[in-house]
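Following: one structure in structure tokens, then a few remarks.
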Amino acid sequence: MNFTLKVWRQKPGEKGKIVTYDAKEISSDASFLEMLDIVNERLVIEGEEAIAFDHDCREGICGMCGCVVNGYAHGHQEGTTLCQLHMRAFEDGSVIYVEPWRSRAFPVLKDLVVDRSAFDAIITAGGYISIRTGSAPDGNAIAVSKETADAAMDVAECIGCGACVAACPNASAMLFTSAKISQLALLPQGQPERMTRAQRMVRAMEVAGFGACTNHGECEAACPKEIKLDNIARLNREFIGASVKKQA
Amino acid sequence: MANNMTFLETSVGKKVLMAATGFIIFGFVVVHILGNLQLFLGPEALNQYAAFLQASGPIKWTVRIVLAASVLAHIVSAVMVTLQNWRARPQKYAVKRYQETTYAARTMWLGGPIIGLFVVYHLLHFTTGHCHPVKAGFIPDSNGVINVYNNVIFGFQDTVASGVYIFTMVLIGLHLYHGLWSMMQSVGLNHPKYNHWRKAFAVLFALLIATAGISLPVSVLLGLVTPV
């Protein structure tokens, strides 16, 4: 298959621009990232600098990869990370726009690579439980119902890729933050720090420069792990509850 | 890592305020439009209702103050959230496609200010009479008394004025279609069992209020209600 790529190229500290590349004789079974690899091999041979993009596991579980492809975060396929999107999902001969996540909180480092430290700051603020480390706790020492465990597991699927921010018209990080708050708020282990967690994570999110949630639902549509919008309502509930009880 | 941002300094807090004040304004709009639908019951009903409202002194002023404060808080929080959202993406996408969002949701930032301007016009039109299109001030009826029933009809006989109302009612419908569902999300009211009712509630009230609002000028323009 052949494609015309319109790729965002940006050197550190400089303004970026869209550059056009040909991707020729690509296997329909190549993943999107493999297609970029093939283009890069040619660019290197021709003495050009390779297109920088983030990737790691290439099996859709690590959260490293991700670009906005033709206007969709991780491409148009539902519930799929960019590494799991294959070229057969595109029309032969089509033009494909490849851009980095766009957010003030995610500055472009180079080409398609963005700095997602803002997510780390949100996690550092409260996305954990404080426990005594040591020998492994007894299995089943803390009873968790199947329903609760399932609900917590659904949000724990979040891989922190940042597609929610990229897809949101406001570049809001509410889906990510709500997933992380929900995951711990649902489980008994998360209860002792529940109030401080909501307070601190929301504020860390605000400070990082993300936009606000105006309930468009784009994040839910783009999320490769299909995290639900309901979690944002839970975040709001948790934050209101914590604010009323004045625990910070 | 905790910082000392107050509740209202966070966007989550501002959205809660926007939802709460929006709900108050929505409640007023429902009562206001139900009251004015008495136009269809004839001059006596509407004029008596208007006299009853005017006679309610302190209650009237309490409602006005609460409403004005709500509108102000609604606007301030909306402006601040919108500016935060515009700042959050300095570099736009060359190509961006949306999958879930609606026209209503995407135009809240524009619809809001237009509705705000309409409220100013609406007050100058029917409350103070400064913008009454027939002539400055209200026209007395055959008994020399200024009456609300006639004011409404003369006001809507002007096609431009009626057009402004009809257009704004459509915008209010769009605003409510997104806002009524959105406010529940913002204050954390959700439950998997009842979530589908939230959108249904928003659609129903958006349609009811827009239709009721449009029915008044349209009926006057069609000559279905006439002055006394």
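Residue numbers (our numbering), protein chains in the order written: chain F, 172 to 419; chain W, 88 to 315.
The C-beta atom is built at its ideal place from N, Cα and C for all residues, glycine as well.
Residue span of the alpha helix (DSSP H) that contains residue i, given as start and end
{"i": "Ala175/W", "result": "No alpha helix (DSSP H) contains Ala175/W, which DSSP labels as neither H nor E."}
{"i": "Leu308/W", "result": "Asn282 to Leu308"}
{"i": "Lys101/W", "result": "Ser98 to Asn123"}
{"i": "Tyr352/W", "result": "For chain W, the structure presents residues 88 to 315; residue 352/W sits outside this window and is missing."}
{"i": "Glu377/F", "result": "Arg365 to Val378"}
{"i": "Ile411/F", "result": "Asp401 to Val415"}
{"i": "Tyr268/F", "result": "That residue, Tyr268/F, is in no alpha helix (DSSP H); its beta strand (DSSP E) goes Val266 to Glu270."}
{"i": "Glu328/F", "result": "Neither: Glu328/F is in no alpha helix (DSSP H) and is coded neither H nor E."}
{"i": "Gly297/F", "result": "Ser288 to Gly297"}
{"i": "Ser199/F", "result": "Segment: none, Ser199/F is in no alpha helix (DSSP H) and carries neither H nor E."}
{"i": "Lys351/F", "result": "Met345 to Ala356"}
{"i": "Ile202/W", "result": "Met195 to His209"}
Option in the options with minimal Cα separation from residue i
{"i": "Ile120/W", "options": "Pro304/W, Met271/W and Val166/W", "result": "Pro304/W"}
{"i": "Asn163/F", "options": "Gly412/F, Lys351/F and His387/F", "result": "Residue 163/F lies beyond the range of chain F shown here (172 to 419); nothing can be said about it."}
{"i": "Ser301/F", "options": "Val285/F, Ser353/F, Gly264/F and Gly361/F", "result": "Gly361/F"}
{"i": "Ala192/W", "options": "Met270/W, Tyr136/W, Val206/W and Gly250/W", "result": "Met270/W"}
{"i": "Ala156/W", "options": "Gly144/W, Leu210/W and Ile111/W", "result": "Ile111/W"}
{"i": "Tyr208/W", "options": "Gly250/W, Val163/W and Ile296/W", "result": "Gly250/W"}
{"i": "Leu154/W", "options": "Phe139/W, Gln141/W and Thr108/W", "result": "Thr108/W"}
{"i": "Gln186/W", "options": "Phe290/F, Arg259/F, Gln248/F and Phe410/F", "result": "Gln248/F"}
{"i": "Val99/W", "options": "Lys396/F, Glu397/F, Arg371/F and Met172/F", "result": "Arg371/F"}
{"i": "Val239/F", "options": "Ser199/F, Ile267/F, Asp321/F and Gly297/F", "result": "Ile267/F"}
{"i": "Glu212/F", "options": "Asp200/F, Asp193/F and Trp272/F", "result": "Asp193/F"}
{"i": "Thr194/W", "options": "Leu159/W, Leu258/W and Lys102/W", "result": "Leu258/W"}
{"i": "Lys186/F", "options": "Ala320/F, Pro278/F and Asn407/F", "result": "Pro278/F"}
{"i": "Met366/F", "options": "Val190/F, Leu406/F and Ala344/F", "result": "Leu406/F"}
{"i": "Leu324/F", "options": "Arg303/F, Ala356/F and Ile294/F", "result": "Sequence check: residue 324/F is Met here, not Leu. Here the closest residue by C-alpha is Ala356/F."}
{"i": "Leu140/W", "options": "Val118/W, Val103/W, Thr246/W and Lys280/W", "result": "Val118/W"}
{"i": "Ile294/F", "options": "Ala375/F, Ile209/F, Asp200/F and Glu196/F", "result": "Ala375/F"}
Where the beta strand (DSSP E) containing residue i begins and where it ends
{"i": "Lys188/F", "result": "Lys188 to Ala194"}
{"i": "Leu176/F", "result": "Phe174 to Arg180"}
{"i": "Lys281/F", "result": "Val279 to Lys281"}
Pair within 8 angstroms by beta-carbon distance, residue i and residue j
{"i": "His257/F", "j": "Ser202/F", "result": "yes"}
{"i": "Ala342/F", "j": "Arg275/F", "result": "yes"}
{"i": "Leu358/F", "j": "Val315/F", "result": "yes"}
{"i": "Val235/W", "j": "Leu133/W", "result": "yes"}
{"i": "Val373/F", "j": "Thr189/W", "result": "no"}
{"i": "Cys228/F", "j": "Leu253/F", "result": "no"}
{"i": "Trp196/W", "j": "Thr214/W", "result": "no"}
{"i": "Ala413/F", "j": "Ala292/F", "result": "no"}
{"i": "Met92/W", "j": "Glu377/F", "result": "yes"}
{"i": "Gly260/W", "j": "Ala297/W", "result": "yes"}
{"i": "Phe127/W", "j": "Val312/W", "result": "yes"}
{"i": "Ala181/W", "j": "Glu270/F", "result": "yes"}
{"i": "Lys183/W", "j": "Gly242/F", "result": "yes"}
{"i": "Thr255/W", "j": "Phe205/W", "result": "yes"}
{"i": "Ala369/F", "j": "Asn277/W", "result": "no"}
{"i": "Ile330/F", "j": "Ile411/F", "result": "no"}
{"i": "Gln171/W", "j": "Arg273/F", "result": "no"}
{"i": "Lys150/F", "j": "Glu318/F", "result": "Past the edges of chain F, shown from 172 to 419, lies residue 150/F, and the structure says nothing about it."}
{"i": "Glu364/F", "j": "Gly305/F", "result": "no"}
{"i": "Lys280/W", "j": "Trp268/W", "result": "no"}
Assumed close pair residue i, residue j - CB separation to whole angstroms, cut-off 8 angstroms
{"i": "Ala334/F", "j": "Cys394/F", "result": "6 angstroms"}
{"i": "Ala165/W", "j": "Gly199/W", "result": "6 angstroms"}
{"i": "Glu220/F", "j": "Leu214/F", "result": "7 angstroms"}
{"i": "Leu263/W", "j": "Ala293/W", "result": "4 angstroms"}
{"i": "Asp309/F", "j": "Met172/F", "result": "That pair is no contact at about 55 angstroms."}
{"i": "Ser273/W", "j": "Met105/W", "result": "7 angstroms"}
{"i": "Phe243/W", "j": "Val307/W", "result": "4 angstroms"}
{"i": "Leu95/W", "j": "Lys101/W", "result": "6 angstroms"}
{"i": "Arg259/F", "j": "Asp200/F", "result": "7 angstroms"}
Within-8 angstroms CB hit, residue i to chain A
{"i": "Gly300/W", "result": "Protein chains F and W are contained in the structure displayed, whereas chain A is not."}
Chain-order list of residues whose beta-carbon lies under 6 angstroms from that of residue i (same chain, five-residue window excluded)
{"i": "Cys390/F", "result": "Cys335, Ala338, Cys339 and Leu346"}
{"i": "Lys281/F", "result": "Pro183 and Ala223"}
{"i": "Val284/F", "result": "Ala223 and Asp225"}
{"i": "His387/F", "result": "Pro340"}
{"i": "Lys147/W", "result": "none"}
{"i": "Cys332/F", "result": "Gly234 and Gly237"}
{"i": "Ala223/W", "result": "Confidence is the limiting factor: at Ala223/W the pLDDT is only 45, short of 50, which leaves the residue's position unreliable, though a coordinate-based value still follows. There are no such residues."}
{"i": "Val190/F", "result": "Val178 and Arg180"}
Same chain, Cβ closer than 7 angstroms to residue i, neighbours up to 5 away in sequence not counted
{"i": "Pro314/W", "result": "Asn237, Ile240 and Phe241"}
{"i": "Ala175/W", "result": "none"}
{"i": "Lys188/F", "result": "Arg180"}
{"i": "Val116/W", "result": "Ile296"}
{"i": "Ala217/F", "result": "The sequence given here has Glu at residue 217/F, not Ala. Counting only Cβ-Cβ distances below 7 angstroms, and skipping sequence neighbours, we find nothing."}
{"i": "Ser349/F", "result": "Asn402, Ile403, Arg405 and Leu406"}
Residues near residue i by beta carbon distance below 8 angstroms, same chain, minus five either side
{"i": "Ser265/F", "result": "Phe174 and Thr175"}
{"i": "Leu400/F", "result": "Leu346, Asn386, Gly388, Cys390 and Glu391"}
{"i": "Gly250/F", "result": "Cys394, Pro395, Lys396 and Glu397"}
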